[in-house]
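Since the structure comes first, as structure tokens, the remarks are kept for the end.
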Amino acid sequence: MDVLFEVEKLYLHNPKAVRLLTIYASVYQNESEVKSAYTRWGIRTRYANGTSATANLPCYGYRCDVNGELVIEPTEAAVVRMIYNLRSQGLSLRKIVCELKERAIPSPTGKATWGVETVRRILQNEKYKGHVLLQKTYVSNFFTGKRTNNGGELPKYLIEGHHEAIITSGETPTF
Numbered sequence: 000m001d002v003l004f005e006v007e008k009l010y011l012h013n014p015k016a017v018r019l020l021t022i023y024a025s026v027y028q029n030e031s032e033v034k035s036a037y038t039r040w041g042i043r044t045r046y047a048n049g050t051s052a053t054a055n056l057p058c059y060g061y062r063c064d065v066n067g068e069l070v071i072e073p074t075e076a077a078v079v080r081m082i083y084n085l086r087s088q089g090l091s092l093r094k095i096v097c098e099l100k101e102r103a104i105p106s107p108t109g110k111a112t113w114g115v116e117t118v119r120r121i122l123q124n125e126k127y128k129g130h131v132l133l134q135k136t137y138v139s140n141f142f143t144g145k146r147t148n149n150g151g152e153l154p155k156y157l158i159e160g161h162h163e164a165i166i167t168s169g170e171t172p173t174f
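Letter by letter, the sequence shown follows residues 0 to 174 in numbering that gives the first Met the number 0.
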């Protein structure tokens with residue numbers, strides 16, 4: 000059985016056709032890599048000048064208003080403040096999870112119980128202090144599209160005072 004590429008009028012069994020297809024594939028791969036590089040450049044440029052739309056991605060305690068800006072969601076913000084307050088009182092993450100369950104406060108995903116990692120992420124998220132940190136992750140391989148945590152391989156961009164804070168710096172517990 001043979002394969003015919005109709006547009007190019009090439010049969011796969013022909014060795015010349017295989018070489019030509021290899022050249023085409025190489026050219027298209029290079030074109031894809033160039034487009035990916037331009038895309039990465041655009042993303043990083045928007046990060047550097049603070050115009051990236053990802054800065055306004057809401058997290059628990061925030062919503063986007065009609066203009067796409069982050070605004071506090073009062074009910075969830077009260078829960079965030081409570082989590083910070085409990086942590087500053089010395090409660091462990093597990094005890095905070097138990098306290099949230101006792102008070103029947105649903106998790107950000109609507110479940111009856113919270114995960115320890117969810118509480119940890121809330122306590123470590125700079126957005127609650129009114130700041131945004133961009134490029135915490137990046138796509139390390141454009142073929143797979145796999146995201147990788149940025150451990151200093153690329154610059155990170157901190158935008159201070161980006162939106163209204165839920166937590167003041169005095170309320171920030173230490174780990």
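From the three backbone atoms N, C-alpha and C, an ideal C-beta is built for every residue, glycine too.
Since we're looking at a predicted model, the values are computed, not measured.
Fill in: Cβ pair residue 158, residue 60 closer than 8 Å
For the purposes of this step, residue 158 is identified with residue 159 of the sequence shown, where counting begins at 1. For the purposes of this step, residue 60 is identified with residue 61 of the sequence shown, where counting begins at 1. No.
Discussion item. Mapping the DSSP letters down to three states, classify residue 13 as helix, strand or coil.
Written reply: In the sequence shown, counting from the first residue as 1, residue 13 sits at position 14. DSSP places residue 13 in coil when its eight states are reduced to three.
Worksheet entry | Alpha-carbon spacing of residue 47 relative to residue 137, whole angstroms | One-based indexing of the sequence shown puts residue 47 at position 48. One-based indexing of the sequence shown puts residue 137 at position 138. Distance between the alpha carbons of residue 47 and residue 137 is about 15 Å.
Worksheet entry | Whole-angstrom distance between residue 45 and residue 122, CA atom to CA atom | In the sequence shown, the residue the question calls residue 122 occupies position 123. In the sequence shown, the residue the question calls residue 45 occupies position 46. Residue 122 and residue 45: Cα-Cα distance of roughly 27 Å.
Discussion item. Given this structure, state the Cα-to-Cα distance separating residue 38 from residue 94, to the nearest angstrom.
Written reply: The residue you call residue 38 lines up with position 39 of the sequence shown. The residue you call residue 94 lines up with position 95 of the sequence shown. Near 44 Å, if we compare the C-alpha coordinates of residue 94 and residue 38.
Fill in: Coarse secondary structure for residue 108, derived from DSSP in three states
Stepping through the sequence shown from its first residue, residue 108 is reached at position 109. Residue 108: coil per DSSP, three-state reduction.
Worksheet item: In the structure shown, what three-state DSSP assignment does residue 91 receive?
Response: As a first step, residue 91 must be located in the sequence shown, where it is residue number 92. Residue 91: coil per DSSP, three-state reduction.
Practice prompt. Starting from residue 119, follow the alpha helix (DSSP H) in both directions and report where the run begins and ends.
Written response: On the sequence shown, position 120 is the one that residue 119 refers to. Element bounds for residue 119: 115 to 123.
Worksheet item: How about residue 162 and residue 68: do their beta carbons lie closer than 8 Å?
Response: Counted from its first residue, the sequence shown places residue 162 at position 163. Counted from its first residue, the sequence shown places residue 68 at position 69. Yes.
Worksheet item: Quick one: Cα of residue 51 to Cα of residue 41, how far?
Response: Position 52 of the sequence shown, counted from the first residue, corresponds to residue 51. Position 42 of the sequence shown, counted from the first residue, corresponds to residue 41. Cα-Cα distance, rounded: 10 Å.
Worksheet item: In three-state DSSP terms, what is residue 34?
Response: Taking the sequence shown and counting its residues from 1, the one referred to as residue 34 is at position 35. Three-state DSSP puts residue 34 in a helix.
Practice prompt. Leaving aside the five residues before and after residue 131 along the sequence, list all residues of the same chain whose C-beta is less than 6 Å from its C-beta, in chain order.
Written response: As a first step, residue 131 is located in the sequence shown; it is residue number 132 there, counting from the start. For residue 131, where only same-chain residues beyond five positions count, the Cβ hits under 6 Å are 54, 158, 161.
Item to complete: Please list the segments of the alpha helix (DSSP H) lying wholly inside the region 65 to 91, counting only runs of 4 or more residues, in order along the chain.
Response: 73 to 87
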